[in-house]
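**Q** In the working numbering, the protein residues as written are 214 to 532. Note that CB positions come from ideal geometry on N, CA and C, so glycine has one too. The structure displayed is predicted, hence computed values, not measured ones. Pasting in a structure now, in structure tokens, and then I'll have a few things to ask.
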């Protein structure tokens with residue numbers, strides 16, 4: 214395996230670790246903040262769900278990069294490596310700065326720009342535009358799904374008169390929403406990364422190793438974000454929080470099965486905002502501003518960084 218191939222594999226491995234740690238904050242956070250499970254079991258459950266999501270659910274997205282962008286070597290490998298390296302660094306620092314961002318919303322526009330500027334690369338534009346359009350309407354579908362699920366759950370729990378049994382129902386809903394959220398995050402958010410790894414290594418190595426990296430990310434880089442996000446979500450109330458997560462997860466999983474790498478972050482935010490609209494206030498306004506800022510900022514930063522990395526690598530390799 215050449216150096217570019219090693220670089221492709223390693224940048225995918227690191228990306229899986231970063232995304233696994235960052236995007237697990239929602240599923241892990243709700244378990245920790247509600248004390249539905251002991252912390253060590255919360256981490257274990259989230260890690261197992263994430264692992265299964267990547268290694269099993271991620272198969273649906275194996276052609277989201279490989280097969281979408283095409284070209285001769287070494288241009289294809291250099292372009293994909295540049296985009297993923299620039300995108301994961303931008304993703305990490307934007308989220309650390311409190312700006313919600315999506316890796317897929319960084320990767321696809323960056324690849325499109327490189328294709329337009331390079332004669333050696335081609336892009337499946339129909340798949341590209343379908344993915345871009347999905348970013349626009351998936352949050353709205355998540356809003357509808359979350360609100361519908363909320364009213365269904367309200368009717369179900371309202372029939373329960375015994376407080377102890379009602380609390381057991383809440384706990385079951387919280388645990389199930391956390392498991393599903395971790396699985397979908399692994400399948401979609403990390404699934405697009407596995408597609409990049411398949412450019413350099415076979416599936417039997419990429420899927421389990423990237424799944425393991427995403428699971429380890431939960432243990433080593435999600436603690437602070439999980440606490441912050443978890444308590445923020447549960448301020449909505451148990452039913453609202455679980456409805457927001459499950460409603461957005463259903464939409465995300467549908468797109469995952471269709472092989473579309475949507476923005477998990479924005480879809481989840483759509484579900485949360487959908488429930489928040491029941492009491493529109495300053496918190497909702499701030500969330501909308503954060504989401505909008507992420508939509509506008511992250512692709513631009515990733516594109517500029519990708520172009521710079523691509524140019525440097527071509528110069529080093531004398532291409």
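(1) Residue 522 and residue 484: beta carbons closer than 7 Å?
(2) Distance check for residue 370 and residue 293, CA to CA, integer angstroms please.
(3) Looking at the strands, I want to know which residues DSSP matches up with residue 335.
(4) Could you tell me whether the region 357 to 371 touches the region 278 to 287, using the rule of 3 or more Cβ pairs below 8 Å?
(5) Could you tell me the distance, in whole angstroms, from the CA atom of residue 493 to the CA atom of residue 486?
(6) Put residue 525 into one of helix, strand or coil per three-state DSSP.
(7) Under 8 Å by Cβ, that's how I've got residue 388 and residue 250 pegged, so tell me the actual separation to the nearest angstrom.
(8) Mark residue 215 as exposed unless 16 or more other C-beta atoms lie within 10 angstroms of its C-beta, in which case mark it buried.
(9) Let's see if you can read the secondary structure: which residues bound the alpha helix (DSSP H) around residue 258?
(10) Using DSSP with H/G/I as helix, E/B as strand and the rest coil, what is residue 415?
(11) Using 8 Å for Cβ pairs, my map puts residue 221 next to residue 531. What's the rounded Cβ distance?
(12) First and last residue of the alpha helix (DSSP H) that includes residue 215?
(13) With distances taken from CA atoms, which of 402, 471, 337 and 217 is nearest residue 232?
(14) Less than 7 Å between C-beta atoms, sequence neighbours within five positions excluded: which residues of the same chain meet that for residue 344?
**A** In terms of the structure at hand:
(1) Contact: no.
(2) 49 Å
(3) 283
(4) no
(5) Annotation note: pLDDT 46 at residue 493 (below 50); position unreliable, no value reported.
(6) helix
(7) By a beta-carbon distance limit of 8 Å, residue 388 contacts residue 250. Their separation comes to about 7 Å.
(8) Of the other Cβ atoms in all chains shown, fewer than 16 fall within 10 Å of the Cβ of residue 215; this residue is therefore exposed.
(9) 252 to 268
(10) coil
(11) Actually they do not touch by this definition, with Cβ atoms about 19 Å apart.
(12) Residue 215 -> no alpha helix (DSSP H), and no H or E assigned at all.
(13) 402
(14) 321, 473 and 474
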